[in-house]
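Below is one structure; the comments refer to it alone.
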Amino acid sequence: MGLRFLSLRDVLDRLTISRSLLYELIKDPVQPFPAPIHIGRRSVWVENEVESYMRAVLSTARR
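Just so you know, the sequence shown maps onto residues 1 to 63 in my numbering.
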């Protein structure tokens, strides 16, 4: 499987959170959300990094 980039809208839809909460999560000192990478003027996220974060949050919540 190849790498896939996600737009801000894609990330917000997957996490079902607001834009402001996403940027708070990126700054979280305990379990930070992956920071975006910049392609030109656009910010995108690496899909497998987003999914890894989601699995980690789920694992922490299920303990």
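In this text, a Cβ means the ideal position worked out from N, Cα and C, and glycines have one as well.
* What is the rounded straight-line gap between the Cα of residue 61 and the Cα of residue 15? -> 15 Å
* Between 48, 56 and 59, which lies nearest to residue 3 when the distance is taken from Cα to Cα? -> 48
* Asked: CA-CA distance, residue 44 and residue 27?
  -> 17 Å
* Asked: residue 11 and residue 46 look like a contact to me (Cβ under 8 Å); what is the Cβ gap, rounded to whole Å?
  -> Not quite, the Cβ-Cβ distance comes to about 10 Å (not below 8 Å), so this is no contact.
* Going by DSSP, what residues sit across from residue 39 in a beta bridge? -> 42
* Specify, as a first and last residue, the run of the alpha helix (DSSP H) that residue 18 falls within. => Careful: residue 18 lies outside any alpha helix (DSSP H) and carries neither H nor E.
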